[in-house]
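Residue numbers (the working numbering): 11 to 897.
Cβ atoms here follow ideal geometry from the backbone N, Cα and C, with glycine treated the same way.
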RNA sequence: GCCGCUGUGGUGGAAUGGUAGACACGUUGGACUUAAAAUCCAAUGGACCUCAAAAGUCCGUGCCGGUUCGAGUCCGGCCAGCGGUACCA
């Protein structure tokens, strides 16, 4: 007996695919329709692939293989997002050059991906750290610079004096450094910025045409944060200057009883009076050292100080006080607000805290109790002056009228504001793309394109410079250079680009990875773009996708690409959690404590992990089984020991990480692929289960047994038989279901159908080759190794070893409706919507309404219920259901 | 708080408004075996009725209500969990 042995057949086919370049994309062929299917490329970490990677990668591989079988020219590449912090931190610890670490990790990732049998075109690999790749990342930066979209500014960074370094946001936890727990302050430093705000409107508008999940579109919309309103000038008392504010509620202008400036606002110095100077300075000092998080925590009490200065409300001429407070942010709007405490919650809180006047200008609420913020139905009141009145208008109308008036009076203008801020583009790091600019005595100057790539110098030490500058700043021979044009001395920029840079355009490089005249070959770009399907984690819903769209639009504007948007369809795969864990909680004395109590308990909680034979079902949850209760020393037999059942995110610290290599060793790559898809809908979060892997593995074993019998030869049941009607029916049902499900991204139910087919086929005494061949093609996108192996065996091992012998380039079966027609139909017979019987009829009888109804009424149970009243209505749904409405 | 997503057996999950629980896991019983593993067969939402079976009855898709001959599915209002975001004027 020869059993299914994935460890024997999988390497064989992986070698066959790689060595013969079976999945090399032929991109000279323009006769076929194209399909570009893209994975979010991985960061090659030292811990290797985790089971989350193959989830999306299997889905795209299924689609890639399916599309090839349907005659598409498929572009399905992979690469490495290889710049980044971990390799640099490792270098600091061990002195190993990040390039060495990165190259090693990439080779591990490549080996692991090949061991899962993905059909990538391995001749198109891109590596963001390869000078031939980042040459073009730098080139794009220069184009941004020439377009006026890259500029320098002093921006606060997370500076940790104790560590002598600048930290990324994710390295700062509660205002302290993740490493060491040292305080982190905000220190302004010269930074490169990219003017993504110039593209805000287009980034927003063009979302409409994309086939993306609503949630992602929504997140991007929120991130861009468009709001319509007005900018209004308030004349400062005793000054020639005025304070400009942005508001979305110009209709409440009459209710503005004070103003608030951000502590950093320029006008503070202008307004502050001697009496308040000290208090204001102290407050500004405090605010500057606070972390962003502290400042923007909405739950804390409002703070602020009066400047001593006043401004004039342009609507009614009232003299109103000007305060500073950190709830007003310098980098949104104009950094100053008109405070309308009657109709804005934050202003209301502030006014109450500092005893400032609150006036009602929109009726409908009770401003003594809370701000009334309804901006649809409220009616304007108390808003009349000598030159304007908006009383009696509804809010939307009032906004228009007062904005027009402000514009006429030259006091303000209707404007649009975006939350989106410019992109802070520099990092004080070694392991990133050098920013290709130099500083001469005349200022900043981009280096010539002919000098690209600007490579990183080799260094011995990767420690931060100690000044907050990048480690590159201390490499004198690299920093000190000459301006190639003038021959004069110059200094290189020592900041490097963030990790986002390389991933902003990698999808273009795959199209022509060796093209030397630009980032992408224009002819090929026109053929392949846009990406037809892009699959990756939801964690990139905002930043990566927004940054990539921004760069793409710039490239579109300068004629490098031909599409406005890079990714036509986006799919987010859901996270895979660890195995379900059952936890019993006890306090430090070892006494049982319920999960609810454990959550709020003060003392030390002991978590006891239970195996699933120690638990049993109880009501809504699980409790400790009697035997287990005894084992853990609980004697009270009346007590129900409720336990917590849930699965957690995989993490090293929790020890619930599943390594794909282990799964492959034990069950094979096909089982891994199949299980990852069979778990549930791709987009959904779902827990891992090794038992589930066993389940799909059993399916593959059964599939093997359909084909292979004793002594490792084809089963004797297989032959060139004429297929039976029943065999054709189940085959064609499977073709239809699998096809529809792949098209619809429902890989789990496609696999169910393959299982259904197999459960039938294993019962057949005569297994027609023609049927089995089509089944193998259907199976091949999901479990390609076993499909290739069985395909080869079915052909009799005689075929030559090239592309024509691979199941991957056969053609996808077409289903025929005529085989799907059932010979009989079962009606459900309902009385008043409840099923009271079933009725089986031949296909010819089933469409005869009067016959069906007559038969249905004869069913004894149905007849009983019909006798209880008179039939007032008969619902007849052909071949499905009958419903008698009885009164 | 706001925005989004998700709530279905012991578990993962299936169900164009038409017999809820496909497929799989687990469990139970049986076959094969000296035995075990593997494999195969059968049962498996809960409760009731019954000596037992067949048949049948009631309940059941987070909760409350609505539309409909008929609702897991559509509509309105809640609740819970997850994710994003957070003083954005």
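Close-in-space but distant-in-sequence residues of the same chain around residue i (CB under 8 Å, 5 per side omitted)
i, result
"residue 876", "841, 867, 894, 896"
"residue 892", "837, 838, 839, 840, 849, 862, 863, 866, 884, 885, 886"
"residue 477", "174, 483"
"residue 566", "572, 573, 574"
"residue 880", "896, 897"
"residue 498", "450, 451, 492"
"residue 496", "450"
"residue 119", "52, 54, 58, 59, 90"
"residue 540", "46, 573, 575, 576, 577, 578"
"residue 26", "32, 798, 811, 816"
"residue 286", "315, 316, 317, 318"
"residue 392", "264, 265, 369, 370, 371, 401"
"residue 101", "107, 108, 111, 440, 441, 472"
Residues near residue i by beta carbon distance below 7 Å, same chain, minus five either side
i, result
"residue 280", "246, 249, 251"
"residue 42", "81, 82, 83"
"residue 29", "none"
"residue 11", "Here residue 11 scores only 48 on pLDDT, less than 50, and its place in the model is too uncertain to base an answer on."
"residue 149", "459, 462, 529"
"residue 321", "244, 245, 246, 247, 253, 269, 330, 332"
"residue 805", "none"
"residue 765", "709"
"residue 159", "204, 205, 208, 564"
"residue 552", "229, 230, 233"
Residue i classed as buried or exposed, judged by whether at least 16 other C-beta atoms fall within 10 angstroms
i, result
"residue 192", "exposed"
"residue 206", "buried"
"residue 718", "buried"
"residue 747", "buried"
"residue 813", "exposed"
"residue 105", "exposed"
"residue 658", "exposed"
"residue 645", "exposed"
"residue 145", "buried"
"residue 20", "buried"
"residue 594", "buried"
Rounded Cβ spacing between residue i and residue j (contact assumed at less than 8 Å)
i, j, result
"residue 403", "residue 411", "6 Å"
"residue 267", "residue 334", "With a Cβ gap of about 16 Å, residue 267 and residue 334 do not count as contacting."
"residue 394", "residue 240", "Not a contact, Cβ separation roughly 19 Å."
"residue 141", "residue 166", "With 8 Å as the limit, residue 141 and residue 166 do not qualify as a contact, their Cβ atoms being about 33 Å apart."
"residue 869", "residue 847", "4 Å"
"residue 745", "residue 779", "Between residue 779 and residue 745 the Cβ distance is about 16 Å, and since that is not below 8 Å, they are no contact."
"residue 589", "residue 697", "6 Å"
"residue 357", "residue 349", "4 Å"
"residue 86", "residue 70", "7 Å"
"residue 337", "residue 429", "At roughly 16 Å, the Cβ-Cβ gap does not stay under 8 Å, so residue 337 and residue 429 are not in contact."
"residue 375", "residue 66", "In fact, because the Cβ distance is near 49 Å, the residues do not count as touching under 8 Å."
Contacting residues, own chain, Cβ-Cβ under 6 Å from residue i (five flanking each side not counted)
i, result
"residue 570", "none"
"residue 274", "340"
Next item on the list: Evaluate the contact criterion for the region 883-892 versus the region 857-866: three or more CB pairs, one atom per stretch, below 8 Å.
Entry: yes
Check: Taking only runs of the alpha helix (DSSP H) that begin and end inside the region 577-632, which ones reach a length of at least 4 residues, in chain order?
Finding: 605-610
Checklist line | Within the region 508-577, ranges of the beta strand (DSSP E) (whole runs, at least 3 residues) | finding: 543-547
Notebook entry, point to check: Residue ranges of each alpha helix (DSSP H) run of no fewer than 4 residues wholly in the region 814-867, ordered along the chain?
Noted result: 853-856
Notebook entry, point to check: Are three or more beta carbon pairs between the region 472-481 and the region 439-459 nearer than 8 Å?
Noted result: yes
Check: At which residue ranges does the region 197-236 contain complete beta strand (DSSP E) runs of 3 or more residues, listed in the order of the chain?
Finding: none
Note to self: Restricting to runs no shorter than 3 residues, where is the beta strand (DSSP E) found entirely within the region 443-479?
What the structure shows: 447-450, 453-456
Note to self: I want to know whether the region 369-383 touches the region 255-266 - three or more CB-CB distances under 8 Å.
What the structure shows: yes
Margin query: Three Cβ pairs or more, each shorter than 8 Å: is that satisfied between the region 665-674 and the region 734-747?
Written below: no
Notebook entry, point to check: Can we say the region 286-298 touches the region 384-391, given the rule of at least three CB pairs closer than 8 Å?
Noted result: no
Margin query: Check whether the region 551-560 and the region 519-537 touch, using three or more Cβ-Cβ pairs below 8 Å as the test.
Written below: no
Item checked: Completely contained beta strand (DSSP E) runs for the region 332-364, where each covers 3 or more residues -> 346-349
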